[in-house]
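Peer 1: My numbering puts the sequence shown at residues 20 to 237.
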Amino acid sequence: MCGRFSLNTSAKDLAHQFKLIAEPEWDARFNIAPTQNALMIAAHADGRLAQAATWGFQPPWLKDGASGKVLINARAETAAKKATFADAFRSQRCLVPASNFFEWQTQGGQKLPWLLHLPDMPVFAMAGLWQQQETGPRFTVLTLASCGEAQSVHHRMPWILPTDKMEDWLNGSSGDIPEPEQTLGAQLQKYRVTPNVNKVAFESPECLLPVADEGLLF
């Protein structure tokens, strides 16, 4: 799955990499959590536009603005058939830019975070869906079965789109769900990071620094 991620890059670099029609308002974030604002990139008449959006789809049974469990991930394999996601899968797709994401394993009664990243891509795009609510746009991240290094940490991983597949995803010309091994997720690498990442309020470049994993057995 994807339950926390970072986007530690500049608005200028985002605009250049994703060919945006305008620079978004953005300051580097190191520990983005569900229900917080992040950036999503959607297709508009003039081109791609990035805007702030709340992470977590609001299911039909949860009234706008009410507290309750939002849907931060959607299974790519079934999203097109689920009532909550079907409309968005057809016509409201987005890219969710990220520098990395975090997953946890429990060891000796402790939740230990791992950082997963693509060494050759400082920022990548996760496939997402978005919805418009009275309080503003919201998004969810699509996931696939894990493979490669990600598989040893969690059984699901974000669907990471290569650059040459982004446009097809955004314009809806492709609805095919790839095999996990055929996606950039197969190239993910991981390393241990500080348990301070567990705290939603911990927002620091320290989130990205590797720490020793001595004594951990897998």
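C-beta: ideal position from N, C-alpha, C; glycine also.
1) Is it buried or exposed, H174, if we count other Cβ atoms within 10 angstroms and call 16 or more buried?
2) Please identify the residue among T54, W178, L58 and D139 whose C-alpha is closest to the C-alpha of S29.
3) Between the Cα of E198 and those of P43, A95, F49 and K31, spot the shortest distance and give me the residue it belongs to.
4) Which same chain residues, not among the five before or five after N240, have their C-beta less than 7 Å away from its C-beta?
5) Counting C-beta neighbours from all protein chains within 10 Å, is the total for H35 16 or more, i.e. buried, or is it exposed?
6) Does the Cβ of I60 have 16 or more other Cβ atoms within 10 Å, making it buried, or fewer, making it exposed?
7) From T202 to P181, what distance separates their C-alpha atoms?
8) Measure the beta-carbon distance from P177 to Q70 and round it to whole angstroms, keeping in mind my assumption that it falls under 8 Å.
9) Assign K31 to one of three DSSP states: helix, strand, or coil.
10) Going by DSSP, what residue range makes up the beta strand (DSSP E) through L189?
11) If you check the beta carbons only, do N92 and M20 fall under 8 Å apart?
12) Thinking C-beta only, is P132 closer than 8 Å to F121?
13) Kindly indicate the opening and closing residues of the beta strand (DSSP E) around A57.
14) So the beta strand (DSSP E) A98 belongs to, where does it begin and stop?
Peer 2: For this structure:
1) exposed
2) L58
3) A95
4) Only positions 20 to 237 of the chain appear in the structure, and residue 240 is not among them; the question remains open.
5) exposed
6) buried
7) 7 Å
8) So it is not a contact: roughly 20 Å between Cβ atoms.
9) helix
10) No beta strand (DSSP E) holds L189; the alpha helix (DSSP H) holding it covers M185 to N190.
11) yes
12) yes
13) N56 to H63
14) Premise fails: A98 is in no beta strand (DSSP E) and is neither H nor E.
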